[in-house]
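A.B. asks: Pasting in a structure now, in structure tokens, and then I'll have a few things to ask.
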Amino acid sequence: TWLQQVAMSWLTYRLSGSALLLGIVTFCQYIAVLLLAPVAGVLADRIDRRRRLLITQSVMLAQAFTLAVLTATGRVEVWHVAALALVLGCASAFDIPLRHAMIARLVGDRSHLPNAIALNSLLINCARVVGPAIAGLLIAAVGEAICFGLNALSFGAVLYALAKMRWPAARTSPPPAGWLASWLEGAKSAFGFRPIRAALLLIALISGTIGTYSTLMPVFAKDVFGGDAHTLGVLLSAAGSGALLSALYLASRHTTRGLDRVVLVAGTIASLAMLAFAHSTRLALALPLLVALGAGLIAAQASIQTLVQTLIDDDKRGRVMSLYTMAFLGMLPFGNLAAGAVARYAGEATAFTLNGCVCLAGLLVFARALPGLRISARLGRGNDVEARL
4 TWLQQVAMSW LTYRLSGSAL LLGIVTFCQY IAVLLLAPVA GVLADRIDRR RRLLITQSVM
64 LAQAFTLAVL TATGRVEVWH VAALALVLGC ASAFDIPLRH AMIARLVGDR SHLPNAIALN
124 SLLINCARVV GPAIAGLLIA AVGEAICFGL NALSFGAVLY ALAKMRWPAA RTSPPPAGWL
184 ASWLEGAKSA FGFRPIRAAL LLIALISGTI GTYSTLMPVF AKDVFGGDAH TLGVLLSAAG
244 SGALLSALYL ASRHTTRGLD RVVLVAGTIA SLAMLAFAHS TRLALALPLL VALGAGLIAA
304 QASIQTLVQT LIDDDKRGRV MSLYTMAFLG MLPFGNLAAG AVARYAGEAT AFTLNGCVCL
364 AGLLVFARAL PGLRISARLG RGNDVEARL
């Protein structure tokens, strides 16, 4: 998927030369997540999860294959990329809450859930390191189409693995209420509990500011550092390397204790790194700053996800995680659109500076709320473990 993400960004900027259109294409991808996540969350608690995964992964395969054909035949236009990004977003809206919910299902002992989430993040960030670097080389040597084609093949492998997997027996007890009432029950469960509410608001803030860094990276690669697609791959791989380091650290932890401080410190590091990167003009300086940005971003995001996952009830997991998905990815379209617009009229450095400052301000508010927030996360059977948020 990281092959495709890099190729889509580079293709859009190559065809348009517009930072604003970069933001619009990304907006198309993530706005669907915001709009469809409530329905997806209810379905995640009602319908066979493996069957739904097979459907969403098949849609993603078809999307990647279509993009590969259009690009290889030279018929691709920016509106094609935007439309197919919207299709990808629709599939992701149903896929992501489901995968979050399945992690807890596959892990029998909830005391192992933090490690399972960290290991999942570790695998994702391994791809984040390798994918952009390979994409940059492939785009420079062959073109964007090969990246889309390889992504389509990867979904074929995922479908085969899903067909062969054996899931634990599901505890099926569909909510008797209608879809809206069922989703509102999950929303009340999340927002009625102050720690989860704070966590969801914070992940929305971080994602809508620091999380938008990759959208404008083609602009930095080409216009600031005078590079090409290979330069873009190197920049994104640097951020991925930092993310991988954070995932390794979180995987080594055995408790949720102290994750509130991890969120605060990591978010601050990512914000400061973004501010410094905004004004860097040398690639040698930019790369370590991106390592710090990636490390801080993933440490904060994964820590918040772990805290939310350990707090929610299994029968509401899909619905609450759909709210997490809305906060995590639902803010990206607006953040990316705003970043693209600011970059178009005031420059990419200004866009990065504003995002870094806004995130820092939000973290200060969160830090002031820390002493008054206590959560009790049930890990395992009958064991209440105290943690701070």
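Taking our numbering, the leading residue of the sequence shown gets 4, the next gets one more, and so forth. A virtual CB, placed ideally from N, CA and C, is assigned to each residue, including glycine.
1. Can you give the beta carbon distance from L293 to L238, rounded, assuming they're within the 8 Å contact cut?
2. With 16 as the cutoff for other CB atoms within 10 Å, does W13 come out buried or exposed?
3. Return the CA-CA distance between A364 and V227, expressed in angstroms with no decimal places.
4. Whole angstroms are fine: how far does the CA of N358 sit from the CA of L24?
5. Thinking C-alpha only, which one of L367, A35, V161 and A10 is nearest A143?
6. Write down every uninterrupted run of the alpha helix (DSSP H) in the segment 197 to 238 whose length is 4 residues or greater and which is fully enclosed by it, in chain order.
7. Give me, in chain order, the residues of the same chain whose beta-carbon lies closer than 7 Å to that of G26; leave out the 5 immediate sequence neighbours on both sides.
8. With 16 as the cutoff for other CB atoms within 10 Å, does A184 come out buried or exposed?
9. Please identify the residue among F68, L286 and A298 whose C-alpha is closest to the C-alpha of K225.
10. Assuming G159 is part of the alpha helix (DSSP H), what are its boundary residues?
11. Please classify H83: does DSSP put it in a helix, a strand, or coil?
12. Could you give the DSSP three-state label for T76: helix, strand or coil?
13. What is the DSSP secondary structure of S21, reduced to helix, strand or coil?
14. Hey, which unbroken runs of the alpha helix (DSSP H) at 4 residues or more fall wholly within the segment 273 to 332?
15. Among G152, Q7 and A65, which one has its Cα closest to the Cα of A71?
16. If we ignore side chains and look at the alpha-carbon of each, how far apart do T259 and L165 end up?
17. Run the CB neighbour count on V145, radius 10 Å, all protein chains shown included, and call it buried at 16 or more, exposed below.
C.D. replies: According to the structure data:
1. 6 Å
2. buried
3. 27 Å
4. So the two alpha carbons sit approximately 19 Å from each other.
5. A10
6. 197 to 212
7. T218, N339, L340, A342, G343 and A344
8. exposed
9. L286
10. A148 to K167
11. Taken through DSSP and simplified to helix, strand or coil, H83 comes out as helix.
12. In the displayed model, T76 falls within coil according to three-state DSSP, outside both helix and strand.
13. S21 falls in the coil class under three-state DSSP.
14. 286 to 314
15. G152
16. 30 Å
17. With fewer than 16 other Cβ atoms inside 10 Å of its own Cβ, V145 counts as exposed.
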